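K.L.:
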Amino acid sequence: DLVFDAAIRRAGAVRVFTVSQLFATAQTLAAGIRVDGSKLAILTNGGGPGVMAADRAADVCVPLAELSRQSLHKLNKALPPHWSHSNPVDILGDADSSRYQAATQILLADENVDGLLVLLSPQGMTDPAACAQAVIAAKGDSHKPLLTCWLGEKLVREGRQYLSEASIPSFSSPEAGVDAFGHLAA
């Protein structure tokens, strides 16, 4: 097993251990996404999913990006005072599409961030489709990996479709998104 792991690493291939990891990695690689580093930023409108993603990142040795002072200043201007002030960036449950767009742009522009995982937990005041369109617009011409997880099924279906049409991978769980980034970074 150790020899096989070494051969896989030397060949630049990705080794996965579960079927869900296989599909997550295949989806990400098929989107043509490449990464230049291993530091991940997580953007969420729900503390729980953000913590789940951060815990998974720790489990699979994906370091969370330390946000630059400039990014923190910009986020403070763009977000309500009670946002998390750290990575994961929790933009709060009442986040609308403009908040998603601003935070996505700021994080993708941060030199300390190598990739971004954007999470959406549907809530009463959340429009998942509009938030997806905002994230797509915020990506612009950034070459950094942008992965998403729109949690749920029926309420987020349209948003996931927009993300898919824009070639932005969308996963069904925060952990799958972190795993996909981890495999890219490896």
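So the sequence shown is numbered by the working numbering: it starts at 9 and just counts up by one.
Where is the CB? At the ideal position from N, CA and C, for every residue including glycine.
Given the structure is predicted, the values throughout are model-derived calculations rather than measurements.
So, with DSSP's three-state summary, where would you put G190?
P.N.:
helix
K.L.:
If you reduce the DSSP assignment to three classes, tell me which class S178 lands in.
P.N.:
strand
K.L.:
For the segment 165-172 and the segment 90-99, state whether three or more C-beta atom pairs, one from each stretch, are separated by less than 8 Å.
P.N.:
No, the segment 165-172 does not touch the segment 90-99.
K.L.:
Could you tell me whether the Cβ atoms of V43 and T33 are closer together than 7 Å?
P.N.:
Cβ distance not < 7 Å, so V43 and T33 don't count as in contact.
K.L.:
Tell me which same chain residues have a C-beta within less than 8 Å of the C-beta of L80, skipping the five on either side of it?
P.N.:
H93
K.L.:
Look up D98 in the DSSP assignment and say whether it is helix, strand or coil.
P.N.:
Taken through DSSP and simplified to helix, strand or coil, D98 comes out as strand.
K.L.:
What is the rounded straight-line gap between the Cα of M133 and the Cα of D104?
P.N.:
8 Å
K.L.:
Does the beta-carbon distance from G123 to P153 come in below 7 Å?
P.N.:
yes
K.L.:
In its own chain, which residues sit with a C-beta less than 8 Å from the C-beta of L171, not counting the 5 before and 5 after it?
P.N.:
A140, V143, I144, T156, W158, P177 and S178
K.L.:
Around the C-beta of H191, are 16 or more other C-beta atoms found within 10 angstroms, so that it is buried, or is it exposed?
P.N.:
buried
K.L.:
Using only the alpha-carbon positions, how far apart do A65 and Q29 sit?
P.N.:
14 Å
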